[in-house]
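Each residue of the sequence shown is one higher than the one before, counting from 28 in this note's numbering. Even glycine gets a Cβ: it sits at the ideal position worked out from N, Cα and C. The block underneath contains the structure these notes are about, expressed in structure tokens.
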Amino acid sequence: MELLLIILIGVLYATGIFMMLRRSMVKLLIGLILLGNGANMLIFVLGGITMGKPPIIGDSEKILSGVYADPIPQALILTAIVISFGLQAFAIVLLKRVYVLIETDDMNDLNTPDTDI
Numbered sequence: 028m029e030l031l032l033i034i035l036i037g038v039l040y041a042t043g044i045f046m047m048l049r050r051s052m053v054k055l056l057i058g059l060i061l062l063g064n065g066a067n068m069l070i071f072v073l074g075g076i077t078m079g080k081p082p083i084i085g086d087s088e089k090i091l092s093g094v095y096a097d098p099i100p101q102a103l104i105l106t107a108i109v110i111s112f113g114l115q116a117f118a119i120v121l122l123k124r125v126y127v128l129i130e131t132d133d134m135n136d137l138n139t140p141d142t143d144i
């Protein structure tokens, strides 16, 4: 299971970086989303995968013993999902505004100075 997730993380990172290196603003945004999802999966795998075990202490126990699911990576991922959603919403609005101003999707058009001013 972990090997499959590691391969998935590699694919998400590779695809995200490839998409961010394209000239299109939409592909930049898609690459940003893929990198965010890859980072979330990386945190999840680094926390260790424990299937079927609770992250809390039962009523009859005073301390947690044995194998348990660590809730810290899951809480970090939940926070990262919320932060990345806000970043994606900001990026969508920013890219839409840039598209309205320059009327193109090409990133190279942002580098040319406007000579009409």
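Using the Cα positions of Gly44 and Ile104, report the straight-line distance between them to the nearest angstrom. Stepping through the sequence shown from its first residue, residue 44 is reached at position 17. Stepping through the sequence shown from its first residue, residue 104 is reached at position 77. Contrary to the premise, residue 44 reads as Ile rather than Gly in this sequence. Ile104 has its alpha-carbon roughly 21 Å from the corresponding atom of Ile44.
Please report the straight-line C-alpha distance between Ile36 and Gly85, rounded to a whole angstrom. Position 9 of the sequence shown, counting from 1, holds the residue named residue 36. Position 58 of the sequence shown, counting from 1, holds the residue named residue 85. A direct Cα-to-Cα measurement between Ile36 and Gly85 gives close to 33 Å.
Exposed or buried, Asn67, counting other C-beta atoms within 10 Å across all chains shown (16 or more means buried)? Position 40 of the sequence shown holds residue 67. It counts as buried.
Helix or strand or just coil, what does DSSP make of Asp86? Stepping through the sequence shown from its first residue, residue 86 is reached at position 59. Asp86 falls in the coil class under three-state DSSP.
Assign Met28 to buried or exposed, taking buried as 16 or more other Cβ atoms, counted over all protein chains shown, within 10 Å of its Cβ. If you number the sequence shown from 1, residue 28 lands on position 1. When all chains shown are included, Met28 counts as exposed.
Ser51 - DSSP class collapsed to helix/strand/coil: Stepping through the sequence shown from its first residue, residue 51 is reached at position 24. Strand, per DSSP.
Short Cβ contact (8 Å threshold) for Pro98 with Leu73: Indexing the sequence shown from 1 puts residue 98 at position 71. Indexing the sequence shown from 1 puts residue 73 at position 46. Not a contact, by the Cβ cut-off of 8 Å.
Which residue or residues does DSSP assign as beta-bridge partners of Asp97? Within the sequence shown, the letter at position 70 stands for residue 97. Bridge partners of Asp97: none, in fact.
Answer with buried or exposed for Met46, where buried requires no fewer than 16 other C-beta atoms within 10 angstroms of its C-beta. Within the sequence shown, the letter at position 19 stands for residue 46. By the C-beta density criterion, Met46 is buried, having at least 16 other C-beta atoms within 10 angstroms.
Report buried or exposed for Leu61, applying the criterion of at least 16 other Cβ atoms within 10 angstroms of its Cβ. Looking up residue 61 in the sequence shown gives position 34. Result: buried.
Who are the Cβ neighbours of Leu32 in its own chain at under 8 Å, not counting the five residues just before and after it? Reading the sequence shown from its first residue, position 5 is the one you call residue 32. Excluding five sequence positions before and after Leu32, the CB atoms of its chain that fall closer than 8 Å to its own CB belong to Met68, Phe71, Val72 and Ile76, given in chain order.
CB of Met52 within 8 Å of CB of Val125, strictly: Translated into the one-based positions of the sequence shown, residue 52 becomes position 25. Translated into the one-based positions of the sequence shown, residue 125 becomes position 98. Their beta carbons are under 8 Å apart, which means Met52 touches Val125 by this criterion.
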